[in-house]
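A quick write-up on the structure given underneath.
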Amino acid sequence: MQNTILSRILQHAPANRPVARNTLGMELSMTGFLAGAAVWRSTAQHLRLPNAVLYAEDAAELLPALFGCWAAGVHVILPGDALPGTLERLSAAGLTAKNTMLGLDAAAMDESCSWSIMTPECRFSDFNRLPPCADLPLLDDKAELLSLLTSGSTGEPKLIRKRLEQCFYEPEAIHAGVIERTGQSPAAWGEFEVLGTVSAQHIYGLLFRLMWPLMEERGIAVGPRLHYPESLEAALENCAVRGRKAVVISSPAHLKRFGDESLFTPSLGTAAAVFSSTGPLDDAGAINAKCAFGHFPFEVLGSTETGGIAWRQRRFTDNEKSAVAASAWKTVEGIQAAVKVESRYLPAGEGLIALSGRHLDHEGWIDGADRIALQDGLFSLLGRADRIVKIEGKRVALPEVEKLLLETGLVSNSKVFLETIRAESQRDALHAAVVLTPAGRELLFTKGKAALLEPLKTHLKRSLPAVALPRRWRFVDQLPADPQGKVTVACLRTLFDQRRPEWLIETDTVENGKRVLTLRFEASLQLAWFRGHFPDMPRFFPAWHSFFSLRLQPENSPKYRPMRLPLK
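In structure tokens:
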């Protein structure tokens, strides 16, 4: 029995209502979507390939391709990118036939790619002109016809396979969540465009940017990914010109950069809602979103494996609107949470999170890796249980190290991870990437790195053994993230790459409307480019100084000037 709305979408009556808008501004009607799905179904059936690998920079192109392949019973793989290494992994896993795939965006492939990309002769711009198709089938909710390639927290790629119902139930949960939290149906917004700063090749973007607006009677999936605040503001203004509302699908990594609220002043009132996922959102990012769009984001907790499992939304706690508080997480429709203590699943208490629900990968309870405190159906996160490492035989909880750093008042955010220091006899040690508070920055600028590390280490020593103290530190304006906004270990490792010198901001001021930075570079003799010198010979720089090009402005900007900096 067909249970989901989207499993029946291909049997909808043809209609002129728009369902998608591509990068060129072309809109695809429901009639065009059905015709496009029929074209893709026919192509997939003709080629008889076991898998369709779909990658599109323009997410609107994905909609007819996805549903057409599913109508043909073809398994779809959505890689996060089209890099040669990604395609090689798919080929090595036996997921493609003779380097031939049914796919999209051959232009996105590397020039060295030897694959044949098979696509229908008709494309997005042709679908509206095709006659309606009346023989498209019901989709089998139980069929495992989707796989997503995800990197996970360590950067090790893995393929997550899903039943269609796992993707089709969640848009219904989004619809119910909007009603519960706003008191009105999305239909009350009128026509609305769903704008995204995140890729639709991953679970969050796929569900929120494509599946949900397709299911809604008045939703329109917008194809281009809006990387920059300026492009998002332009899209919001265009929505207003067309008399439509907008919904912004974003991530903490993007919302943190939306600090210039004046940029979004012309479009204020256009956004009906904002969503944030892929990582934890801090107070600054939440306030940025509130000032820019008029709403605190709906924060979505989940993963590629589980999909979205819970929502929450922040609120101001004072009349001056300077402090915010986050409510507890509440599970979405169709998902239940419990606490696992030893082998028992309890409705309240503290312990490992356990989940059950219709869009998870199997029936019964599924154990998670997060520790939670659960009460009256609401829960708060206490840190990941799998972030426990062993150093010299001692167990160290990485969330505890990060929590202690926050307690100093000098740190606003941090990530700690375990890495082997090869230069020290393969010794395991913690590495810390740290974002400072204004007080921490002031101490760094006035007293230097050693003076900053002293109170941090002193506070850690009160609660942790010596082996649990980070041995390597990097102080950054913001933590590095992948394109989906996730702060992964792979991203953090780039900060500690021995091929790059460490630089420190000594002063950061604004003079005559311009940001002026004074930087100090610490170029250790252990850096990779000093290797090969004879040990008894001195190292000389070729001149009194070296050139560093700071790309604080685009190269074509009149404000862009390479800076000549003395090395200390």
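For what it's worth, this note's numbering labels the leading residue of the sequence shown as 1046, then goes sequentially. Ideal Cβ positions, reconstructed from N, Cα and C, are used throughout, including at glycine.
query                                                                                                                                                                                : result
Does the structure place the region 1340-1350 close enough to the region 1243-1252 that three or more beta carbon pairs sit under 8 Å?                                               : yes
Below 9 Å between beta carbons: does that hold for residue 1516 and residue 1476?                                                                                                    : yes
Can you tell which of 1462, 1457 and 1418 has the C-alpha that lies nearest to the C-alpha of residue 1434?                                                                          : 1462
Work out the CA separation of residue 1492 and residue 1498 for me, nearest whole Å.                                                                                                 : 10 Å
From the DSSP output, which residues share a beta bridge with residue 1090?                                                                                                          : Paired residue(s): none; residue 1090 is not in a bridge.
By alpha-carbon positions, which one of 1411, 1400 and 1213 ends up nearest to residue 1183?                                                                                         : 1213
Residue 1371 and residue 1344 - do their beta-carbons sit closer together than 9 Å?                                                                                                  : yes
The alpha helix (DSSP H) with residue 1444 in it runs from where to where?                                                                                                           : 1443-1452
Going by DSSP, what residue range makes up the alpha helix (DSSP H) through residue 1214?                                                                                            : 1209-1227
If contacts are defined as beta-carbon pairs under 8 Å, then residue 1280 and residue 1240 qualify, I think. What distance do you get, rounded to the angstrom?                      : 5 Å
Judging by CA-CA distance, which residue of 1230, 1417, 1421 and 1358 is the nearest neighbour of residue 1397?                                                                      : 1417
Looking at the strands, I want to know which residues DSSP matches up with residue 1191.                                                                                             : 1121 and 1207
Sorted by chain position, which residues of the same chain lie with C-beta nearer than 6 Å to residue 1319's C-beta, five sequence neighbours on each side aside?                    : 1293, 1334, 1338, 1340 and 1342
Going by beta carbon distance, what residues of the same chain come within less than 6 Å of residue 1540, once the five residues before and after it are set aside?                  : 1478 and 1519
Taking all protein chains shown into account, do 16 or more other C-beta atoms lie within 10 angstroms of the C-beta of residue 1364, making it buried, or fewer, making it exposed? : exposed
Can the beta-carbon of residue 1209 be found less than 9 Å from the beta-carbon of residue 1123?                                                                                     : no
How big is the Cα-Cα spacing for residue 1168 and residue 1299?                                                                                                                      : 31 Å
Taking Cβ positions, are residue 1065 and residue 1108 nearer each other than 9 Å?                                                                                                   : yes
Would you identify the three-state DSSP class for residue 1439, choosing helix, strand or coil?                                                                                      : strand
Using three-state DSSP, classify residue 1163 as helix, strand or coil.                                                                                                              : strand
Pair every Cβ in the region 1103-1121 with every Cβ in the region 1081-1089, then say whether three or more of these pairs are closer than 8 Å.                                      : yes
Exposed or buried, residue 1170, counting other C-beta atoms within 10 Å across all chains shown (16 or more means buried)?                                                          : exposed
Here's the rule: buried if 16 or more other CB atoms are within 10 angstroms of the residue's CB, otherwise exposed. What is residue 1422?                                           : exposed
To test your reading of the DSSP string, which unbroken beta strand (DSSP E) runs of 3 or more residues are found completely within the region 1278-1340?                            : 1290-1295 and 1316-1321
Look at the alpha carbon of residue 1321 and the alpha carbon of residue 1226, and state the distance between them as a whole number of angstroms.                                   : 15 Å
Can you tell me which residues form a DSSP beta bridge with residue 1356?                                                                                                            : 1345 and 1375
Touching or not, the region 1271-1285 and the region 1377-1388, by the rule of three or more beta carbon pairs under 8 Å?                                                            : no
Beta-carbon within less than 6 Å of residue 1589's beta-carbon, same chain only, minus the 5 sequence neighbours each way: which residues are those?                                 : Its pLDDT being 32, under 50, residue 1589 is placed unreliably by the model, and the measurement read from it follows with that caveat. The answer is none, since no qualifying residue turns up.
Look up residue 1056 in the DSSP assignment and say whether it is helix, strand or coil.                                                                                             : helix
Cutting at 6 Å between CB atoms, please list the residues of its own chain near residue 1336, excluding the five before and the five after it.                                       : 1306
Could you check what DSSP says for residue 1181 in three-state terms: helix, strand or coil?                                                                                         : coil
My guess is that residue 1105 and residue 1268 are in contact by the Cβ rule of under 8 Å, so how many angstroms apart are they, rounded?                                            : 3 Å
If you measure between the beta carbons of residue 1484 and residue 1455, is that distance less than 9 Å?                                                                            : yes
Rank 1440, 1377 and 1448 by C-alpha distance to the C-alpha of residue 1427 and give the top, closest one.                                                                           : 1448
From the DSSP output, read off the bridge partner residues of residue 1230.                                                                                                          : For residue 1230, which the question treats as bridged, DSSP gives no partner whatsoever.
Restricting to runs no shorter than 3 residues, where is the beta strand (DSSP E) found entirely within the region 1248-1283?                                                        : 1264-1270
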